[in-house]
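Novice:
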Amino acid sequence: MNHNSLHHTNYYPAERVENYKYAIRNIVAEAKKIEAQGRKVTYLNIGDPILYGFQPPEEFIEAKIRALRDGHNGYAPSTGVPEVLETIASEAHNRGFHTTPDDIAITYGASEAADLILTALLEQGDEILAPCPSYPLYTAIITKLEAVEVPYHQMPESMWQPDTDEIESKITKRTRAIIIINPNNPTGALYPKETLERIIEIARKHKLVVISDEVYHRLTYENKHIPIASLAGNDVPVFTIESVSKNYMAPGWRLGWMTITNAHLVNDLKRAIYKLGDARLCAPSASQYAVNEAIHIKPEYTQHVISRLRAQRDLTFKALNSIEGISCNKPEGAFYAMPKVDLQTTDFDNDEDYIINLLNSTGILYVHGSGFGMDPKDGFFRLVFLPDTDTLEDVYQRVADFQIKFRESKLSTLSL
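Just so it is clear: in the sequence shown, position 29 is 1210 by the working numbering, and no numbers are missing.
#1: Among all the DSSP beta bridges, which residues are the ones paired with Met1336?
#2: Below 8 Å on the Cβ atoms is my guess for Ile1383 versus Ala1358; work out the distance and round it to an integer in Å.
#3: Verify whether the separation of the beta carbon atoms of Asp1528 and Phe1561 is less than 8 Å.
#4: In terms of residues, what are the limits of the alpha helix (DSSP H) holding Glu1382?
#5: Throw me the rounded Cβ distance for the Pro1368 and Pro1314 pair, which I believe falls under 8 Å.
#6: With DSSP collapsed to three states, give me the class of Ser1393.
#7: Could you tell me whether the Cβ atoms of Arg1447 and Pro1408 are closer together than 8 Å?
#8: Helix, strand or coil for Ala1515? Go by DSSP, reduced to three states.
#9: Classify Asp1575 as buried or exposed, calling it buried when 16 or more other Cβ atoms lie within 10 Å of its own Cβ.
#10: For the putative contact between Thr1300 and Thr1440, defined by C-beta atoms under 8 Å, what is the C-beta separation to the nearest angstrom?
#11: Which one of Tyr1224, Lys1214 and Thr1260 has the shortest CA to CA distance from Lys1456?
#12: How should His1549 be labelled, buried or exposed, when 16 other C-beta atoms within 10 angstroms of its C-beta is the threshold for buried?
#13: Which residue wins for smallest C-alpha separation from Tyr1289, given the options Gly1234, Leu1462 and Leu1546?
#14: Secondary structure at Gly1437, three-state DSSP: helix, strand or coil?
#15: Using DSSP's beta-bridge definition, name the partner residues of Glu1330.
#16: DSSP three-state label for Tyr1402, please.
#17: Straight-line CA distance for Gly1228 to Asp1416?
#18: Where does Thr1527 fall in DSSP's three states?
#19: Kindly indicate which three-state DSSP category Thr1324 falls into: helix, strand or coil?
#20: Using CA coordinates, which residue listed in Ala1291, Val1425 and Trp1341 is at the minimum distance from Met1519?
#21: Rounded to the nearest angstrom, what separates Tyr1192 and Val1198 at their Cα positions?
#22: Can you give me the C-alpha to C-alpha distance between Asn1473 and Tyr1372, rounded to a whole angstrom?
#23: Within its chain, find whatever has a CB closer than 8 Å to the CB of Lys1636; leave out the 5 residues flanking it on each side and keep chain order.
#24: From the DSSP output, in three-state form, read off Pro1418 for me.
#25: Let me know the secondary structure DSSP gives His1445 once reduced to three states.
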């Protein structure tokens, strides 16, 4: 941005915002243009389960109402309500990793946990390894801090597993940490124990912090999620990020937390994070009193959610792979898939053009893969399979019809 014309005022934005992008929401502007024409848009760009008929457990809702009525309407301690920290520490222990109430901070959603950790950790020019494709939040925060995101690739030909040799090969003297997202957004991948052990081994060897985003850890289909902190021994610091948004279907509550494993190795970093947390006072108070009910929710609730999501996942996998020119891996966790369209079967040169034209033609809004760091010419896009199966069947038929239109157009051109 050229600020020269604005220098007679103080109204110009900081230059760091120029490269601050969040494709999942930024692309909505295109959908609004369609709606302005009186047409309906099917929003499959954002992972909000509430839009598609999911709700938090009733016990969870009642616990928050009870907390409000019991007068829990003031500020909480900046790291969280003590008894809730005890509950989170106990649940972490039950999942196989060690932390203490003193090593946990409750945050304004998982997003704030990520922001606090990265802000406390990274200086300008520091490097941090992050998966590609990545969740754009991390790219945005790292950009804001003027640090350097170094991508390591998750391989579509290997069910979106990361190349751990590549991770190690990209470590330099400026590398501070490794980010993992498991189960993965945007790909739906679930990392096996061997991969997680190798990442821990790399972090141990190079004295790196591991930041593990595990906000979908209850939402897996065939295999159980393994917390990477459970493999950290006593010599690798791991920050585990969780929230109620996806595991308990309460994104609007804006409640998350970070737990530190092996905090004795990062005491100064922990103090810096808590200092930042003090400045914003606290996470939402009353909601914290419902965390105990969420963590100890009856298994029937999660089983019901998984059963519905599995049916929608299976339909997505089958339907997309039946469309000529589109291929898709089967997601193992979360509620996203990242298909690939063969752009040679269309008239488009990049993924964003394809997605915008798909929107204009069908009213379906997905997110282009380059919004997650992929090469725009590779033709990847992310979709959300939260809608019921009837809605998804209609959606995938519209995508198939869109593909057929271009295939027939190509054949017609070739025959001339």
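Ideal placement from N, C-alpha and C gives every residue a C-beta, glycine not left out.
Specialist: In short, the structure shows the following:
#1: By 1-based counting over the sequence shown, the position of residue 1336 is 155. BP columns for Met1336 point to Gln1342.
#2: Your numbering for residue 1383 matches position 202 in the sequence shown. Your numbering for residue 1358 matches position 177 in the sequence shown. Going by Cβ atoms, the distance from Ile1383 to Ala1358 rounds to 11 Å, so no, they are not a contact pair.
#3: If you number the sequence shown from 1, residue 1528 lands on position 347. If you number the sequence shown from 1, residue 1561 lands on position 380. Contact: no.
#4: The residue given as residue 1382 occupies position 201 in the sequence shown. First-last of the alpha helix (DSSP H) with Glu1382: Lys1374 to His1387.
#5: Walking along the sequence shown from the start, residue 1368 turns up at place 187. Walking along the sequence shown from the start, residue 1314 turns up at place 133. In the sequence on display, residue 1368 carries Thr and not Pro. That pair is a contact at about 6 Å.
#6: By 1-based counting over the sequence shown, the position of residue 1393 is 212. Secondary structure of Ser1393 (DSSP, three-state): strand.
#7: As a position in the sequence shown, residue 1447 is number 266, starting the count at 1. As a position in the sequence shown, residue 1408 is number 227, starting the count at 1. Going by the sequence as given, residue 1447 is Val instead of Arg. No, Cβ-Cβ distance for Val1447 and Pro1408 is not below 8 Å.
#8: Here the question's residue 1515 lines up with position 334 in the sequence shown. The answer is coil: DSSP assigns Ala1515 none of H, G, I, E or B.
#9: Locating residue 1575 in the sequence shown gives position 394, where the first residue counts as 1. By the neighbour-count definition (other C-beta atoms within 10 Å, threshold 16), Asp1575 is an exposed residue.
#10: Numbered from 1 along the sequence shown, position 119 holds the residue referred to as residue 1300. Numbered from 1 along the sequence shown, position 259 holds the residue referred to as residue 1440. Between Thr1300 and Thr1440 a beta carbon distance of about 18 Å is seen, past the 8 Å cut, so the two are scored as non-contacting.
#11: Counting from 1 along the sequence shown, the entry for residue 1456 is found at position 275. The shortest Cα separation from Lys1456 among Tyr1224, Lys1214 and Thr1260 belongs to Thr1260.
#12: The residue labelled residue 1549 in the question sits at position 368 within the sequence shown. By the 10 Å Cβ count, His1549 comes out buried.
#13: In the sequence shown, counting from the first residue as 1, residue 1289 sits at position 108. Distances from the alpha-carbon of Tyr1289 to those of Gly1234, Leu1462 and Leu1546 put Leu1462 closest.
#14: Walking along the sequence shown from the start, residue 1437 turns up at place 256. Reduced to three states, the DSSP call for Gly1437 is strand.
#15: Taking the sequence shown and counting its residues from 1, the one referred to as residue 1330 is at position 149. Note: Glu1330 sits in a beta bridge opposite Ile1309.
#16: Counting from 1 along the sequence shown, the entry for residue 1402 is found at position 221. Residue state, collapsed to three classes: coil.
#17: Here residue 1228 refers to the residue found at position 47 of the sequence shown. Here residue 1416 refers to the residue found at position 235 of the sequence shown. Rounded to the nearest whole angstrom, the CA to CA distance from Gly1228 to Asp1416 is 35 Å.
#18: Along the sequence shown, read from residue 1 onward, the residue named residue 1527 stands at position 346. When DSSP states are grouped into helix, strand and coil, Thr1527 belongs to the coil group.
#19: Taking the first residue of the sequence shown as 1, we reach residue 1324 at position 143. In the displayed model, Thr1324 falls within a helix according to three-state DSSP.
#20: The sequence position of residue 1519 within the sequence shown is 338, counting from 1. Shortest Cα-Cα distance from Met1519 to any of Ala1291, Val1425 and Trp1341 involves Trp1341.
#21: For the purposes of this step, residue 1192 is identified with residue 11 of the sequence shown, where counting begins at 1. For the purposes of this step, residue 1198 is identified with residue 17 of the sequence shown, where counting begins at 1. Their backbone Cα atoms lie some 14 Å apart in a straight line.
#22: Residue mapping note: residue 1473 aligns to position 292 of the sequence shown, counting from 1. Residue mapping note: residue 1372 aligns to position 191 of the sequence shown, counting from 1. Straight-line measurement puts the Cα of Tyr1372 at about 28 Å from the Cα of Asn1473.
#23: Nothing can be reported for residue 1636, as the shown portion of the chain is limited to 1182 through 1597.
#24: Position 237 of the sequence shown holds residue 1418. Three-state result, Pro1418: coil.
#25: Sequence index remark: in the sequence shown, residue 1445 carries index 264 (1-based). Reduced to three states, the DSSP call for His1445 is helix.
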